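Enquirer:
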Amino acid sequence: MIELKSPAEIEKMRPAGRFVGQILTDLQAIVDVGVNLLDIERHARKMIADRGATSCYWDYAPSFGEGPFRNVICLSVNDAVLHGLPHDYTLRDGDLLSMDLAVEVEGWVADSAVSVNVGEAPESDTRLIRATREALDAGIAAAVPGGRIGDVSAAIGAVAADHGYLVNTEFGGHGIGRTMHEDPSVPNAGRAGRGLPLRPGLVIAIEPWFLAGTDRIRHDADGWTIRSADGSRGAHSEHTVAVTEDGPLVLTDRTGLTATVGA
0 MIELKSPAEI
10 EKMRPAGRFV
20 GQILTDLQAI
30 VDVGVNLLDI
40 ERHARKMIAD
50 RGATSCYWDY
60 APSFGEGPFR
70 NVICLSVNDA
80 VLHGLPHDYT
90 LRDGDLLSMD
100 LAVEVEGWVA
110 DSAVSVNVGE
120 APESDTRLIR
130 ATREALDAGI
140 AAAVPGGRIG
150 DVSAAIGAVA
160 ADHGYLVNTE
170 FGGHGIGRTM
180 HEDPSVPNAG
190 RAGRGLPLRP
200 GLVIAIEPWF
210 LAGTDRIRHD
220 ADGWTIRSAD
230 GSRGAHSEHT
240 VAVTEDGPLV
250 LTDRTGLTAT
260 VGA
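Just so we're aligned: the sequence shown equals residues 0 to 262 in numbering that gives the first Met the number 0.
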């Protein structure tokens with residue numbers, strides 16, 4: 000069932016969106032060569048606990064994973080792009096790290112993801128990350144009343160095609176609000192003018208993720224981590240976005256936020 004949020008309910012989602020944005024801002028500030036993934040997990044866990052918030056990932060056990068998930072953030076490195084389990088790995092120069100988390104604050108959820116370079120980055124990685132961010136911006140721009148879900152999907156897919164990337168549609172965006180995953184699904188490729196009409200009050204997580212060399216994926220033995228089938232790198236960008244009468248409202252916008260920790 001698709002739940003449209005009232006303007007007052009969208010306002011109630013703002014604290015969760017801002018908090019998720021702040022966590023990612025802080026985590027980007029500590030990502031560096033020599034930092035262990037478990038330290039990033041611990042920092043995110045402490046921020047969530049200190050805020051009195053709830054991780055949507057802890058104890059998450061969907062049909063596609065081997066649950067329950069016992070971390071508060073997904074950390075995916077290099078050819079891993081989605082659902083990476085934090086583990087004892089120290090970041091190296093040239094790594095590509097994707098961070099994805101969803102948090103509930105006072106009954107409302109926000110979900111966001113960002114990919115970052117570690118140390119000196121190869122141009123191919125910078126280009127890949129840039130493409131996901133451009134696709135996210137394009138998808139957000141299409142999230143307007145009177146449009147359709149297919150417009151968002153088509154906008155994302157067009158950016159992928161412009162950059163020469165294929166698109167995997169097994170995992171994509173989704174509705175969000177009182178829980179992390181709600182209807183509708185928001186694929187990262189589709190046909191404009193098709194699908195669910197976009198009405199004010201619809202809140203969706205838009206999350207383009209691309210692989211540098213393929214659209215095929217494989218799963219690690221841990222049952223969670225998703226990697227490219229050919230070993231090429233992946234990147235992931237995501238925001239929680241409300242469709243409003245005035246246009247798209249990015250609830251997890253990090254613009255203007257500054258880190259509360261040092262690198």
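Glycine included, C-beta positions come from ideal geometry on N, C-alpha and C.
On a predicted model such as this, the values are computed, not experimentally measured, just so you know.
Give the single residue among R190, G194, T239 whose Cα lies nearest to the Cα of R205.
Expert: According to the sequence as given, residue 205 is Ile; it is not Arg. Nearest C-alpha to I205: T239.
Enquirer: Using 8 angstroms as the threshold, is the stretch 78 to 95 in touch with the stretch 206 to 223, meaning 3 or more CB pairs across them?
Expert: With a cut-off of 8 angstroms, the stretch 206 to 223 and the stretch 78 to 95 count as touching, because enough Cβ pairs lie within range.
Enquirer: Using 10 angstroms around the beta-carbon of D58, count the other beta-carbons present and answer buried if the total reaches 16, otherwise exposed.
Expert: When all chains shown are included, D58 counts as exposed.
Enquirer: What does the alpha-carbon distance come out to for the pair S75 and R232?
Expert: Taking the straight line from one Cα to the other gives about 10 angstroms.
Enquirer: With DSSP collapsed to three states, give me the class of T125.
Expert: In this structure, T125 counts as helix in the three-state DSSP scheme.
Enquirer: Put A137 into one of helix, strand or coil per three-state DSSP.
Expert: Reduced to three states, the DSSP call for A137 is helix.
Enquirer: With H, G and I counted as helix, E and B as strand and the rest as coil, what does DSSP make of V266?
Expert: Residue 266 is absent from the structure shown; the chain starts at 0 and stops at 262.
Enquirer: Specify whether the stretch 114 to 132 and the stretch 170 to 178 touch according to this definition: at least 3 beta carbon pairs, one from each stretch, less than 8 angstroms apart.
Expert: Verdict: no, contact absent.
Enquirer: How would you write the range of the beta strand (DSSP E) that L248 sits in, first residue to last?
Expert: First-last of the beta strand (DSSP E) with L248: 246 to 249.
Enquirer: For P14, which of helix, strand or coil comes out of DSSP?
Expert: Helix, per DSSP.
Enquirer: Between the C-alpha atoms of E40 and A101, what's the straight-line distance to the nearest angstrom?
Expert: When rounded, the distance between both Cα atoms is 13 angstroms.
Enquirer: Which same chain residues, not among the five before or five after D133, have their C-beta less than 7 angstroms away from its C-beta?
Expert: The amino acid at residue 133 is misidentified as Asp; the sequence shows Glu. Result list for E133: V158, in chain order.
Enquirer: Applying the 10 Å Cβ sphere with the 16-neighbour rule, what's the burial state of I1?
Expert: I1 should be labelled exposed.
Enquirer: Please classify T89: is it buried, with 16 or more other beta-carbons within 10 angstroms of its beta-carbon, or exposed?
Expert: It counts as exposed.
Enquirer: Taking buried to mean at least 16 other C-beta atoms within 10 Å of its own C-beta, is A262 buried or exposed?
Expert: Residue confidence for A262 is low, a pLDDT of 46 falling below 50, so the modelled location carries little weight and cannot support an answer.
Enquirer: Just to confirm, are D25 and T243 a CB contact at a threshold of 8 angstroms?
Expert: Not a contact, by the Cβ cut-off of 8 angstroms.
Enquirer: In terms of residues, what are the limits of the alpha helix (DSSP H) holding V260?
Expert: Run containing V260: none; DSSP gives neither H nor E here.
Enquirer: Whole angstroms is fine: what's the gap from H162's alpha carbon to D136's?
Expert: Distance between the alpha carbons of H162 and D136 is about 15 angstroms.
Enquirer: Count the other CB atoms within 10 Å of the CB of A60; is the residue buried (16 or more) or exposed (fewer)?
Expert: Classification for A60: exposed.
Enquirer: Can you tell me whether T243 is helix, strand or coil according to DSSP?
Expert: In this structure, T243 counts as strand in the three-state DSSP scheme.
Enquirer: Quick one: residues in its chain with C-beta nearer than 6 angstroms to the C-beta of V104, no 5 flanking neighbours on either side, listed in chain order?
Expert: The residues are P14, A15, F18, A52.
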